[in-house]
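And the structure:
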């Protein structure tokens with residue numbers, strides 16, 4: 133997730149302590165995209 137956020141593939145918000153927070157909708161969207169790519173028959 134950190135690499136995706138650094139690359140701009142997913143948005144993140146930094147907390148004052150330096151942790152990243154991700155929007156649930158964006159995470160679910162990424163998972164849906166990855167799942168559909170992995171299950172496409174050849």
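In the numbering used here, the protein residues as written are 133 to 174. Ideal Cβ placement from N, Cα and C applies to all residues, glycine included.
Linking residue 147 to residue 154 through their CA atoms gives a straight-line distance of about 11 Å.
Spanning the alpha carbons of residue 168 and residue 138 requires a straight line of approximately 23 Å. In the structure shown, residue 135 adopts helical secondary structure according to DSSP, grouped into three states. Of the candidates 150, 166 and 143, 143 places its Cα closest to the Cα of residue 156. The DSSP-derived three-state label of residue 160 is helix.
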